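**Student:**
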Amino acid sequence: MAAALLVAACAGLPPAPIALDGIPASFEMGGRLSVAQAGHGEILRIRWDHQPSRGEWALATPVGTEVARIERADGGLTIFRPGAPPASAASFADLTENLLGAALDERLLIAWLHGRAIAGPEGWAVTIDESQRLGDVEVARRITASRGDTVVKIVVDDYRARPE
């Protein structure tokens, strides 16, 4: 009975925070993002500009046509799509769920990009397939994350940490 009470008490606790210590607060990244579900998926080019107070994700087709831009600022998250009015969302996970079919946590993506295979509260199975050291920063070159029938792959083509 004591074990059941302990399990029930732990179930109500919030998930542990994702530690980002030692990771640059500001960086730029360019590469490719693939999201597949049940064997069907899309490949997009990605340009990610991350800063503590704001961020921007530009997503484009493999030939470079922009399909969406996500902006994060103090006022929240906004998605811009060609030919559509801007839309806002409560979280990055909500935006990526609607856009890509997979709810992604921006803090987890930051950790993965910097070589930390953290599952997060969502329970991703993550492997850093290849990494490289760029100055003082360890950066993943290829990442694979899966949960259920969803597989997310990221290939980093270029990365630059900004001075803080």
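The sequence shown finishes on residue 164 if you use our numbering, and the numbering steps up by one all the way, no holes.
Glycine included, every Cβ here is placed at the ideal spot set by N, Cα and C.
These figures come from a predicted structure and were not determined experimentally.
Could you tell me whether the region 23-30 touches the region 155-162, using the rule of 3 or more Cβ pairs below 8 Å?
**Tutor:** yes
**Student:** Give me the Cβ distance between Ile46 and Leu33, rounded to the nearest whole Å; I'm assuming they're in contact under 8 Å.
**Tutor:** The residue given as residue 46 occupies position 46 in the sequence shown. The residue given as residue 33 occupies position 33 in the sequence shown. Ile46 to Leu33, Cβ: 5 Å. Contact.
**Student:** Which residue wins for smallest C-alpha separation from Leu113, given the options Ala60, Asp129, Thr61?
**Tutor:** The sequence position of residue 113 within the sequence shown is 113, counting from 1. Looking at the Cα atoms, Asp129 is the closest of the given residues.
**Student:** Is the beta carbon of Gly76 less than 7 Å from the beta carbon of Gln37?
**Tutor:** The residue you call residue 76 lines up with position 76 of the sequence shown. The residue you call residue 37 lines up with position 37 of the sequence shown. Contact: no.
**Student:** Give a yes or no on whether the C-beta atoms belonging to Trp124 and Arg147 are separated by under 7 Å.
**Tutor:** Taking the sequence shown and counting its residues from 1, the one referred to as residue 124 is at position 124. Taking the sequence shown and counting its residues from 1, the one referred to as residue 147 is at position 147. Yes. Within cutoff.
**Student:** Give the straight-line distance between the Cα atoms of Pro121 and Thr96, rounded to the nearest whole angstrom.
**Tutor:** By 1-based counting over the sequence shown, the position of residue 121 is 121. By 1-based counting over the sequence shown, the position of residue 96 is 96. Between Pro121 and Thr96, the C-alpha separation is close to 17 Å.
**Student:** Would you call the CB atoms of Ala145 and Val152 closer than 7 Å?
**Tutor:** Taking the first residue of the sequence shown as 1, we reach residue 145 at position 145. Taking the first residue of the sequence shown as 1, we reach residue 152 at position 152. In this structure, Val152 lies closer than 7 Å to Ala145 by Cβ.
**Student:** Starting from the N-terminal side, write out each stretch of the alpha helix (DSSP H) that is 4 residues or longer and does not extend beyond the region 63-130.
**Tutor:** 92-100, 106-113
**Student:** Check whether the Cβ atoms of Ala93 and Asp105 sit closer than 7 Å, and answer yes or no.
**Tutor:** As a working mapping, residue 93 is identified with position 93 in the sequence shown. As a working mapping, residue 105 is identified with position 105 in the sequence shown. Cβ atoms of Ala93 and Asp105: closer than 7 Å.
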